[in-house]
Structures are given as structure tokens and as C-alpha cells.
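To convert, take the position in the sequence shown, counting from 1, and add 147; that gives the numbering used here. We put the CB at the ideal spot given by N, CA and C, even for glycine. In this text the structure is predicted, and so the values were computed from the model without any measurement. Written below as C-alpha cells is the structure these notes are about.
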Amino acid sequence: QMLHVYADFAENWLAMPVLRGEKTEAERFPGAESTLCIEAMMQDR
């Protein structure tokens, strides 16, 4: 549920489109059952 709150804030307040998802087993925090994330793609100049 908090994943949607963070994504909503990034998209509607910061005007930054994000992808919501779950980290792979290799990317998870040690001991975690799952790790949720939002990812944003930024253009380099």
C-alpha cells in the first residue's frame, strides 16, 4: 500500500514518472522476504 503512496507522490507532485516493482532475490536487503521499489529513468545531459 505504501508503494502506491510513494509512486503517487513522485508522479503527481514531482512530475516524475516511475515504475513500481519488486527487487530480485539478488537485490533484496539481507534477510528480507521481499523488497518493493519505485524506479525512475532520468535523462543524462
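Check: Whole-angstrom distance between R167 and S218, CA atom to CA atom; Outcome: Limits of the chain in this structure are 148 at one end and 192 at the other, which puts residue 218 out of reach.
Check: Beta-carbon proximity list for A187, same chain, < 6 Å, skipping 5 on both sides; Outcome: M163 and V165
Check: Through-space distance from G178 to N159, alpha-carbon basis; Outcome: 33 Å
Check: R175: CB within 6 Å of a non-hydrogen atom of the ligand ATP; Outcome: Among the components of this structure there are no ligands whatsoever, and the ligand ATP is therefore not found.
Check: Cα-Cα separation, F176 to L161; Outcome: 27 Å
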